[in-house]
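Undergrad: Got a structure here, written out as structure tokens. Questions coming.
There are 2 protein chains.
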Amino acid sequence: MQILKTTDQDFSTKFQAFVNERREATVDVSGTVRDIIADVRVRKDAAVKEYTSRFDNFNPQSFRLSETFIAEQAAQCPANVKSALEVAAERIATFHEKQLPQNIAYTDAVGVKLGLKWVALPTVGIYVPGGRASYPSSLLMNALPAKIAGVERIVMTVPMPRGEINPVVLAAAEVAGITEIYCIGGAQAVAALAYGTESIAPVDKIVGPGNAYVAEAKRQVFGRVGIDSIAGPSEILVVADSKNNPDWIAWDLLSQAEHDPSAQSILITDSESFAQKVIAAVGEVLTNLPTKEVASTSWEKHGAVIIVSNLEESIPLLNQLAPEHVELCVDAPQLLANQIKCAGSMFLGRHTPEAIGDYVGGPNHVLPTARSARFASGLSVYDFVKRITYLQCDEQALHSIGEAAITLAESEGLPAHAGSVAIRLKEN
Amino acid sequence: MQILKTTDQDFSTKFQAFVNERREATVDVSGTVRDIIADVRVRKDAAVKEYTSRFDNFNPQSFRLSETFIAEQAAQCPANVKSALEVAAERIATFHEKQLPQNIAYTDAVGVKLGLKWVALPTVGIYVPGGRASYPSSLLMNALPAKIAGVERIVMTVPMPRGEINPVVLAAAEVAGITEIYCIGGAQAVAALAYGTESIAPVDKIVGPGNAYVAEAKRQVFGRVGIDSIAGPSEILVVADSKNNPDWIAWDLLSQAEHDPSAQSILITDSESFAQKVIAAVGEVLTNLPTKEVASTSWEKHGAVIIVSNLEESIPLLNQLAPEHVELCVDAPQLLANQIKCAGSMFLGRHTPEAIGDYVGGPNHVLPTARSARFASGLSVYDFVKRITYLQCDEQALHSIGEAAITLAESEGLPAHAGSVAIRLKEN
Chain A
283 MQILKTTDQD
293 FSTKFQAFVN
303 ERREATVDVS
313 GTVRDIIADV
323 RVRKDAAVKE
333 YTSRFDNFNP
343 QSFRLSETFI
353 AEQAAQCPAN
363 VKSALEVAAE
373 RIATFHEKQL
383 PQNIAYTDAV
393 GVKLGLKWVA
403 LPTVGIYVPG
413 GRASYPSSLL
423 MNALPAKIAG
433 VERIVMTVPM
443 PRGEINPVVL
453 AAAEVAGITE
463 IYCIGGAQAV
473 AALAYGTESI
483 APVDKIVGPG
493 NAYVAEAKRQ
503 VFGRVGIDSI
513 AGPSEILVVA
523 DSKNNPDWIA
533 WDLLSQAEHD
543 PSAQSILITD
553 SESFAQKVIA
563 AVGEVLTNLP
573 TKEVASTSWE
583 KHGAVIIVSN
593 LEESIPLLNQ
603 LAPEHVELCV
613 DAPQLLANQI
623 KCAGSMFLGR
633 HTPEAIGDYV
643 GGPNHVLPTA
653 RSARFASGLS
663 VYDFVKRITY
673 LQCDEQALHS
683 IGEAAITLAE
693 SEGLPAHAGS
703 VAIRLKEN
Chain B
283 MQILKTTDQD
293 FSTKFQAFVN
303 ERREATVDVS
313 GTVRDIIADV
323 RVRKDAAVKE
333 YTSRFDNFNP
343 QSFRLSETFI
353 AEQAAQCPAN
363 VKSALEVAAE
373 RIATFHEKQL
383 PQNIAYTDAV
393 GVKLGLKWVA
403 LPTVGIYVPG
413 GRASYPSSLL
423 MNALPAKIAG
433 VERIVMTVPM
443 PRGEINPVVL
453 AAAEVAGITE
463 IYCIGGAQAV
473 AALAYGTESI
483 APVDKIVGPG
493 NAYVAEAKRQ
503 VFGRVGIDSI
513 AGPSEILVVA
523 DSKNNPDWIA
533 WDLLSQAEHD
543 PSAQSILITD
553 SESFAQKVIA
563 AVGEVLTNLP
573 TKEVASTSWE
583 KHGAVIIVSN
593 LEESIPLLNQ
603 LAPEHVELCV
613 DAPQLLANQI
623 KCAGSMFLGR
633 HTPEAIGDYV
643 GGPNHVLPTA
653 RSARFASGLS
663 VYDFVKRITY
673 LQCDEQALHS
683 IGEAAITLAE
693 SEGLPAHAGS
703 VAIRLKEN
């Protein structure tokens, strides 16, 4: 964990280095993934079967999970967890329903009819990581926006190493209304979704988190299908004044740190003594934290405390860091929030720990990482719809705007473009 | 050019092969591009200078074009072309202004404040291809949505082989209000925009068309910056009944074919005799077309005529082909248009040749190619804004939804997530 002060002489150099730091070592798995995809394209189900046996030590009769199996497993989800999933789903659905965009349609002064219609993607595949570490909350965050967008066919793949599955994942699928589920994972699942096999019809877009092989497979099939962004390790930036309870802030910092040794937790505060209290509290909480190993590695390697002269100073720093999550633990958070231009999602005030947003807040928890909030946004209904624009001229409207088109087409050396307009102006 | 009939026994096999046909040979330039990007990251301006000298045979004093130079060059644009650019810009701006999205903000029943705000990307770089073949209309289509989105800094790069530039490009930049222009191109321009050099500040997103090196460079810098989609060769699908003038339809087909030998023009009609008339007309128009060489290669290699029993039959075929451009040359185009789910942009009725949309229609002409209209959309204001979501709980609101979050966090094995909520519920 490093401490930076804006009053230090070399602050700006140190801060630049901190901004540019890459936290994730990228392993090159592109060759392996390329081979798997090529094989699945040719041998389809047979190839998927082979990789599933080899990598997951699992030999299912059929990739598709039966209704009975899904229901039996989902029934093993504890009742309080099922209820919590339902609370989460309802709140996520309500927030995302407000994102449904409006079509555009108008006739302009010269009689041209113009418009833009939003259409749901026909089919979407959701990748869900396997094993006990799978996150049912992510399934809801990926599936519900697609559902609300109106996607007709939503497919899910989830690997079942040694035939095991987390019942909570299937309970979450039930809550989200997903019934077409295949027990495959890795690059072979991504390839099957993109190109289709005898038993799995292809999809138009693939979303959802995965390991390095899944991420690389998504990169390689992009173009054939759409993909969501490739997520990096999680980040939180907490802006806090000295009136906060240092323990609360310590828990918030560790809630990111426990995700991954590459995760990053940053505190910006205007009080050095408060910072020291938080640092001490982090140490104390860590002592008994079951995820201590991961959390302390993340905090030691990537954690940072930035001391500013006043909290206004945090805004330009924050916009450069473009963090995935921002907590504004101050009395009037909206004043700072209004100035924030680069962040995934914001958590305002002293009673909004980021973890609320991970589960039951309503906004999506799939958010841009690795400074990509400069140009990217969290997952939303917009990721599952597309726009089709249109134009309609009648004879008179074409006469009004046709000459300008002809002039530009000729200037660009495209005579058939010009001709297709000119012939309609001439003969009528 | 091939002719397919839905009544043929092997139609569906042939049609599938046609859908899956890949029209573009991909040259692997990834190694060269990787070297150029790595070099520009280290040696910055010096590297860009060297590549510009080597590839463009041009040694400018400074990469940034002076106000005087831009004004002098732009003044050489013919007056009628300048006026046409202004007509185009005004119509494009009007259509794109209607895309400006609405923020979301509400307080729900348990007192949680939620919202989503749209924010313009801070800086955008537009790549404009060089030489005489550059398309000033594309500059407008890329720059105006960024401008309307509220992007504060819009930068443009355009290579100047042997010091030459198309005055119309600089006139278009003037119309679009772009003043920060650098005379560089290729992978070195993309690298400079993504990473910055001594004389060029980096941007957050890079858009605009380019050759194979530019496309590959955009792929490689993706993640560091945002990029638009990588465009493939252009496509048109014309649905036409026998009441059309075959000459008009022939011109429309050739207006795509003249773009590129890999471009594709498809006619779907319910009349075989009309199809034959169009095919004959294409041959006739080609005889005197200055772009004959390109257009006839495209038509012969990739052109297709599909004869359907009735025009309703064209809809599922069209949705599978997901063409960049669709013309519906029938009396009641809206009836067909309502059923279209996969297309970039639609041109309705007999008096709306696609070329109108290339220049002065209003909707964007940067559109999804290579069947990607299944999941992707044309360029728009949405490509230059991002969403930041937010959440605010007070004490009471946190008490309402906190337990569900704790339950899910514990079920996912994330105790610090649970703890960050629990400590706030406990102490208050």
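In the order they appear, the protein sequences are chains A and B.
If you count the first sequence from 1, you need to add 282 to reach the numbering used here.
If you count the second sequence from 1, you need to add 282 to reach the numbering used here.
From the three backbone atoms N, C-alpha and C, an ideal C-beta is built for every residue, glycine too.
Could you give the uninterrupted runs of the beta strand (DSSP E) lying entirely in the stretch 516–577 of chain B, keeping only those of 3 residues or more?
TA: Runs found: 517–522, 546–551.
Undergrad: Which residues does DSSP list as the beta-bridge partners of residue 627 (chain A)?
TA: In the first sequence, counting from the first residue as 1, residue 627 (chain A) sits at position 345. Residue 627 (chain A) pairs with A:607, B:671.
Undergrad: Are the beta-carbon atoms of residue 745 (chain B) and residue 330 (chain B) separated by less than 8 Å?
TA: Residue 745 (chain B) lies beyond the stretch modelled for chain B, which goes from 283 to 710, so this question has no answer here.
Undergrad: Assuming contact is defined by CB atoms lying nearer than 8 Å, are residue 633 (chain A) and residue 675 (chain B) in contact in what I supplied?
TA: The residue given as residue 633 (chain A) occupies position 351 in the first sequence. The residue given as residue 675 (chain B) occupies position 393 in the second sequence. Result yes, Cβ atoms of residue 633 (chain A) and residue 675 (chain B) sit closer than 8 Å.
Undergrad: Mind the definition here: the stretch 382–397 of chain B touches the stretch 469–485 of chain B only if three or more C-beta pairs lie below 8 Å; say whether that holds.
TA: Output reads no: the stretch 469–485 of chain B does not touch the stretch 382–397 of chain B.
Undergrad: At what residues does the beta strand (DSSP E) containing residue 284 (chain B) begin and finish?
TA: Within the second sequence, residue 284 (chain B) is the residue found at index 2, counting from 1. 284–287 is the extent of the beta strand (DSSP E) around residue 284 (chain B).
Undergrad: Below 8 Å on C-beta distance, what does residue 628 (chain B) contact in chain A?
TA: Residue 628 (chain B) sits at position 346 when you count from the first residue of the second sequence. Per Cβ cutoff of 8 Å: 670, 671, 672, 673.
Undergrad: Could you pull the start and end residues of the beta strand (DSSP E) that residue 409 (chain A) belongs to?
TA: By one-based count along the first sequence, residue 409 (chain A) stands at place 127. From DSSP, the beta strand (DSSP E) with residue 409 (chain A) extends over 405–409.
Undergrad: List the whole-angstrom C-beta distance separating residue 516 (chain A) from residue 308 (chain A), where the pair is believed to meet the contact cut-off of C-beta under 8 Å.
TA: Taking the first residue of the first sequence as 1, we reach residue 516 (chain A) at position 234. Taking the first residue of the first sequence as 1, we reach residue 308 (chain A) at position 26. Wrong, their Cβ atoms sit about 17 Å apart, outside the cutoff.
Undergrad: Kindly confirm or deny that the stretch 519–529 of chain A and the stretch 342–351 of chain A touch, where touching means at least three C-beta pairs closer than 8 Å.
TA: The answer is no - the stretch 342–351 of chain A does not touch the stretch 519–529 of chain A, with fewer than three Cβ pairs under 8 Å.
Undergrad: Out of curiosity, what's the CA-to-CA distance linking residue 353 (chain A) and residue 318 (chain B)?
TA: In the first sequence, residue 353 (chain A) corresponds to position 71, counting from 1. In the second sequence, residue 318 (chain B) corresponds to position 36, counting from 1. Their Cα atoms are separated by approximately 55 Å.
Undergrad: For residue 392 (chain A), count the other beta carbons within 10 Å of its own beta carbon; 16 or more makes it buried, fewer makes it exposed. Which is it?
TA: Working through the first sequence from its first residue, we reach residue 392 (chain A) at position 110. Exposed is the call here.
Undergrad: Residues of chain B with a CB under 7 Å from the CB of residue 703 (chain A): which are they?
TA: Numbered from 1 along the first sequence, position 421 holds the residue referred to as residue 703 (chain A). By Cβ distance, chain B contributes 635, 637, 638.
Undergrad: Report buried or exposed for residue 654 (chain B), applying the criterion of at least 16 other Cβ atoms within 10 angstroms of its Cβ.
TA: For this step, residue 654 (chain B) is matched to residue 372 along the second sequence. Per the 10 Å Cβ criterion, buried.
Undergrad: Do you know whose CA, among B:419, B:466, B:374, B:483, lies nearest residue 430 (chain B)'s CA?
TA: Reading the second sequence from its first residue, position 148 is the one you call residue 430 (chain B). Looking at the Cα atoms, B:374 is the closest of the given residues.
Undergrad: Output needed in chain order: residues of the stretch 362–382 of chain A with a Cβ under 8 Å from some Cβ in chain B.
TA: For the stretch 362–382 of chain A, which is checked against every Cβ of chain B, the residues closer than 8 Å are 362, 363, 365, 366, 367, 369, 370, 373, 376, 377, 380, 381.
Undergrad: Would you say residue 536 (chain A) lies against chain B (beta-carbon separation less than 8 Å)?
TA: As a first step, residue 536 (chain A) is located in the first sequence; it is residue number 254 there, counting from the start. Interface residue, yes.
Undergrad: Report the rounded CA-to-CA distance for residue 312 (chain B) versus residue 417 (chain B), giving the unit in angstroms.
TA: On the second sequence, position 30 is the one that residue 312 (chain B) refers to. On the second sequence, position 135 is the one that residue 417 (chain B) refers to. Taking the straight line joining both Cα atoms gives about 26 Å.
Undergrad: Hey, does residue 698 (chain B) have any beta-carbon neighbour from chain A nearer than 8 Å?
TA: In the second sequence, counting from the first residue as 1, residue 698 (chain B) sits at position 416. Yes, its Cβ sits closer than 8 Å to a Cβ of chain A.
Undergrad: Determine, using beta carbons only, whether residue 530 (chain B) comes closer than 8 Å to chain A.
TA: Counting from one through the second sequence, the residue named residue 530 (chain B) turns up at place 248. Interface residue, yes.
Undergrad: Residue 449 (chain B) touches chain A at which residues, Cβ-Cβ below 8 Å?
TA: In the second sequence, counting from the first residue as 1, residue 449 (chain B) sits at position 167. Within chain A, no residue comes near residue 449 (chain B); the closest Cβ sits about 10 Å away, beyond 8 Å.
Undergrad: Along chain B, in chain order, which residues have C-beta atoms closer than 8 Å to that of residue 573 (chain A)?
TA: Residue 573 (chain A) sits at position 291 when you count from the first residue of the first sequence. The contacting residues are 695, 696, 697, 698.
Undergrad: Given that residue 295 (chain B) touches chain A, what residues does it touch there, using C-beta distances under 8 Å?
TA: Residue numbering aside, residue 295 (chain B) sits at position 13 when the second sequence is read from its first letter. Within 8 Å Cβ-Cβ: nothing; residue 295 (chain B) doesn't reach chain A, min ~16 Å.
Undergrad: What residues of chain B sit near residue 540 (chain A), judged by a beta carbon separation below 8 Å?
TA: Translated into the one-based positions of the first sequence, residue 540 (chain A) becomes position 258. Chain B residues near residue 540 (chain A): 696, 697, 698, 699.
Undergrad: Please list the terminal residues of the continuous alpha helix (DSSP H) segment that includes residue 315 (chain B).
TA: Residue 315 (chain B) sits at position 33 when you count from the first residue of the second sequence. From DSSP, the alpha helix (DSSP H) with residue 315 (chain B) extends over 312–325.
Undergrad: Taking only beta-carbon atoms, is residue 480 (chain A) less than 8 Å away from chain B?
TA: For the purposes of this step, residue 480 (chain A) is identified with residue 198 of the first sequence, where counting begins at 1. It does not; no Cβ of chain B falls within 8 Å.
Undergrad: Going by DSSP, what residues sit across from residue 638 (chain A) in a beta bridge?
TA: Here residue 638 (chain A) corresponds to residue number 356 of the first sequence, with the count starting at 1. Answer is none; residue 638 (chain A) lacks a bridge partner.
Undergrad: What are the residues of the stretch 286–320 of chain A that lie near chain B, defined by any Cβ-Cβ distance shorter than 7 Å?
TA: If the cut-off is 7 Å between Cβ atoms, the stretch 286–320 of chain A has nothing near chain B.
Undergrad: Could you have a look at residue 504 (chain B) and say whether DSSP puts it in helix, strand or coil?
TA: For the purposes of this step, residue 504 (chain B) is taken as the residue at position 222 of the second sequence. Strand, per DSSP.
Undergrad: Name, please, each residue of chain A whose Cβ falls closer than 7 Å to the Cβ of residue 460 (chain B).
TA: For the purposes of this step, residue 460 (chain B) is taken as residue 178 along the second sequence, with counting starting at 1. Result: empty, since nearest Cβ-Cβ is about 18 Å, beyond 7 Å.
Undergrad: Helix, strand or coil: which one does DSSP assign to residue 583 (chain A)?
TA: What you label residue 583 (chain A) is simply residue 301 of the first sequence in a count that begins at 1. The answer is helix: DSSP assigns residue 583 (chain A) an H, G or I state.
Undergrad: Hey, is the stretch 608–620 of chain B in contact with the stretch 677–685 of chain A, meaning 3+ C-beta pairs nearer than 8 Å?
TA: Flag = no, the stretch 608–620 of chain B and the stretch 677–685 of chain A do not touch.
Undergrad: My output table needs one value for residue 368 (chain B): the three-state DSSP class, helix, strand or coil.
TA: Position 86 of the second sequence, counted from the first residue, corresponds to residue 368 (chain B). Note: residue 368 (chain B) maps to helix in three-state DSSP.
Undergrad: Which bits of chain B does residue 591 (chain A) rub up against, with CB to CB less than 7 Å?
TA: In the first sequence, the residue the question calls residue 591 (chain A) occupies position 309. By Cβ distance, chain B contributes nothing, its closest Cβ being about 24 Å from residue 591 (chain A), past 7 Å.
Undergrad: May I ask you to report which of helix, strand or coil DSSP gives residue 696 (chain B)?
TA: Position 414 of the second sequence holds residue 696 (chain B). Of the three classes helix, strand and coil, the one that applies to residue 696 (chain B) here is coil, per DSSP.
Undergrad: Could you name the residues that DSSP lists as bridge partners for residue 480 (chain A)?
TA: Indexing the first sequence from 1 puts residue 480 (chain A) at position 198. Looking at the DSSP assignment, residue 480 (chain A) forms no beta bridge with any residue, so it has no partner.
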